[in-house]
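Working notes for the structure below.
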Amino acid sequence: TGAFFIRSMGLSVLPKDTMTAFICGTWNHTANLFAHYSAMATWRTAQDTCRNNHMDLVTVTSTEINSAVQGLVTAGHEAWIGLFRDAWEWSDGSDTSYRSWVDGGDGDGDCAAASVEHEGFWSVTQCTEKLPFVCEGGEALELWPQSRSFPSLSYWP
Numbered sequence: 001t002g003a004f005f006i007r008s009m010g011l012s013v014l015p016k017d018t019m020t021a022f023i024c025g026t027w028n029h030t031a032n033l034f035a036h037y038s039a040m041a042t043w044r045t046a047q048d049t050c051r052n053n054h055m056d057l058v059t060v061t062s063t064e065i066n067s068a069v070q071g072l073v074t075a076g077h078e079a080w081i082g083l084f085r086d087a088w089e090w091s092d093g094s095d096t097s098y099r100s101w102v103d104g105g106d107g108d109g110d111c112a113a114a115s116v117e118h119e120g121f122w123s124v125t126q127c128t129e130k131l132p133f134v135c136e137g138g139e140a141l142e143l144w145p146q147s148r149s150f151p152s153l154s155y156w157p
């Protein structure tokens with residue numbers, strides 16, 4: 001059928017050679033499923049991609065979630081997260097004071113990127129720079145093929 005399904009706290013995936021869009025979801029606020037896109041995109045394009053798939057760029061609310069996100073980012077690279085400078089707000093509107101800056105959030109740019117190179121700390125980056133990104137999702141979904149990229153999926157309890 002060319003689709004992923006999430007049902008009853010489980011993930012069922014078609015054969016990995018099937019070209020499909022990514023999927024992720026959050027259930028009962030006790031577990032997260034993240035989708036990491038290795039395709040390079042600006043922060044806005046990354047946000048649009050996530051939102052077009054009923055998700056948003058990942059909101060990091062704790063050290064544990066930050067570690068889970070770091071596990072998805074390729075060594076030596078960065079990936080967009082949902083934090084942007086408008087007094088540093090999360091793209092999904094979450095109200096959390098958790099921050100993990102490598103430079104105190106004072107860099108030259110208006111968006112934040114998670115960095116494996118800096119041991120999980122975030123850097124301030126120009127929003128127009130093209131980086132991979134991490135999405136975090138909503139309700140159980142069925143998505144039909146939309147792209148040729150196949151993101152890595154990670155279940156985090």
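Under UniProt numbering, the first residue of the sequence shown is numbered 1, with each subsequent residue one higher.
Ideal Cβ positions, reconstructed from N, Cα and C, are used throughout, including at glycine.
Going by CA-CA distance only, name the one from the options that's closest to residue i.
{"i": "residue 51", "options": "121, 123, 122, 91", "result": "91"}
{"i": "residue 94", "options": "48, 124, 109, 62", "result": "62"}
{"i": "residue 99", "options": "107, 121, 134, 108", "result": "121"}
{"i": "residue 59", "options": "39, 45, 33", "result": "33"}
{"i": "residue 46", "options": "71, 83, 107", "result": "83"}
{"i": "residue 102", "options": "54, 119, 48, 40", "result": "119"}
{"i": "residue 108", "options": "85, 97, 71, 48", "result": "85"}
Start and end of the alpha helix (DSSP H) containing residue i?
{"i": "residue 50", "result": "43–52"}
{"i": "residue 63", "result": "63–70"}
Ignore the nearest five residues each way along the sequence and tell me which others in residue i's own chain have a CB closer than 6 Å to its CB.
{"i": "residue 78", "result": "113, 115, 131"}
{"i": "residue 28", "result": "Because the pLDDT of residue 28 is 32, which lies under 50, any placement of that residue in the model is unreliable, and the number read from its coordinates should be weighed accordingly. Answer for residue 28: no residue qualifies."}
{"i": "residue 96", "result": "61"}
Please indicate yes or no: does the CB of residue i lie closer than 8 Å to some heavy atom of the ligand PLP?
{"i": "residue 133", "result": "Only the bare structure without any ligand can be found here, which leaves the ligand PLP out of the picture."}
Compute the beta-carbon to beta-carbon distance between residue i and residue j, rounded to the nearest angstrom, for a pair I have assumed lies under 8 Å.
{"i": "residue 134", "j": "residue 65", "result": "That belief does not hold up - the Cβ atoms of residue 134 and residue 65 are roughly 10 Å apart, past 8 Å."}
{"i": "residue 42", "j": "residue 128", "result": "5 Å"}
{"i": "residue 40", "j": "residue 136", "result": "Not quite, the Cβ-Cβ distance comes to about 19 Å (not below 8 Å), so this is no contact."}
Take residue i and list the residues in its own chain whose beta-carbon comes closer than 8 Å to its own, dropping the five residues that flank it on each side.
{"i": "residue 73", "result": "36, 79, 114, 115, 116, 132, 134"}
{"i": "residue 67", "result": "120"}
{"i": "residue 44", "result": "127"}
{"i": "residue 49", "result": "37, 41, 133, 135"}
Counting along the chain, where does the beta strand (DSSP E) carrying residue i start and finish?
{"i": "residue 124", "result": "122–125"}
{"i": "residue 163", "result": "It is not possible to answer for residue 163, since the shown part of the chain is limited to 1 through 157."}
List the DSSP bridge partners of residue i.
{"i": "residue 83", "result": "90"}
{"i": "residue 55", "result": "137"}
{"i": "residue 78", "result": "115"}
Residues in its own chain within less than 7 Å of residue i by CB, not counting five upstream and five downstream?
{"i": "residue 105", "result": "88, 99, 124"}
{"i": "residue 24", "result": "At residue 24 the pLDDT is 32, less than 50, meaning the model places this residue with poor confidence and gives no usable figure here."}
{"i": "residue 110", "result": "84, 85, 127"}
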